[in-house]
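>
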Amino acid sequence: MPLSLDVRLAGDAGKPVALTEGAVGEAYRALAADLIQRGIG
11 MPLSLDVRLA GDAGKPVALT EGAVGEAYRA LAADLIQRGI G
């Protein structure tokens, strides 16, 4: 998944994109859930 400038800046500011509303936050939450389900996280 590409790391956009907005995602990087939010993370640097202590506001992980996965905790935000919207398509980008949902995509990161879905990725995390998939990794956990596979036992990779």
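The sequence shown begins at 11 in this note's numbering and counts up one residue at a time. Each residue gets a CB set at the ideal place from its N, CA and C atoms; glycine is no exception. Bear in mind that the values here come from a model prediction, so they are computed numbers and not experimental data.
Thinking R39 and A28 are a contact (beta carbons under 8 angstroms), I'd like their distance in whole angstroms, please.
Walking along the sequence shown from the start, residue 39 turns up at place 29. Walking along the sequence shown from the start, residue 28 turns up at place 18. With 8 angstroms as the limit, R39 and A28 qualify as a contact, their Cβ atoms being about 5 angstroms apart.
> So, at 6 angstroms on beta carbons, what are the nonlocal neighbours of V33 in its own chain, with the 5 sequence-adjacent residues on each side left out?
Here residue 33 corresponds to residue number 23 of the sequence shown, with the count starting at 1. In the sequence as presented, Val is not what sits at residue 33; that position holds Ala. Within the same chain, A33 has no close Cβ partners at all.
> Just verifying my parser: in three-state terms, what is the DSSP assignment at I50?
Position 40 of the sequence shown, counted from the start, is the residue given in the question as residue 50. Coil.
> Here's a check: name, in chain order, each residue in its chain whose Cβ is nearer than 8 angstroms to the Cβ of L41, leaving out the five neighbours to either side.
Along the sequence shown, one-based indexing puts residue 41 at 31. Correct list, in chain order: M11.
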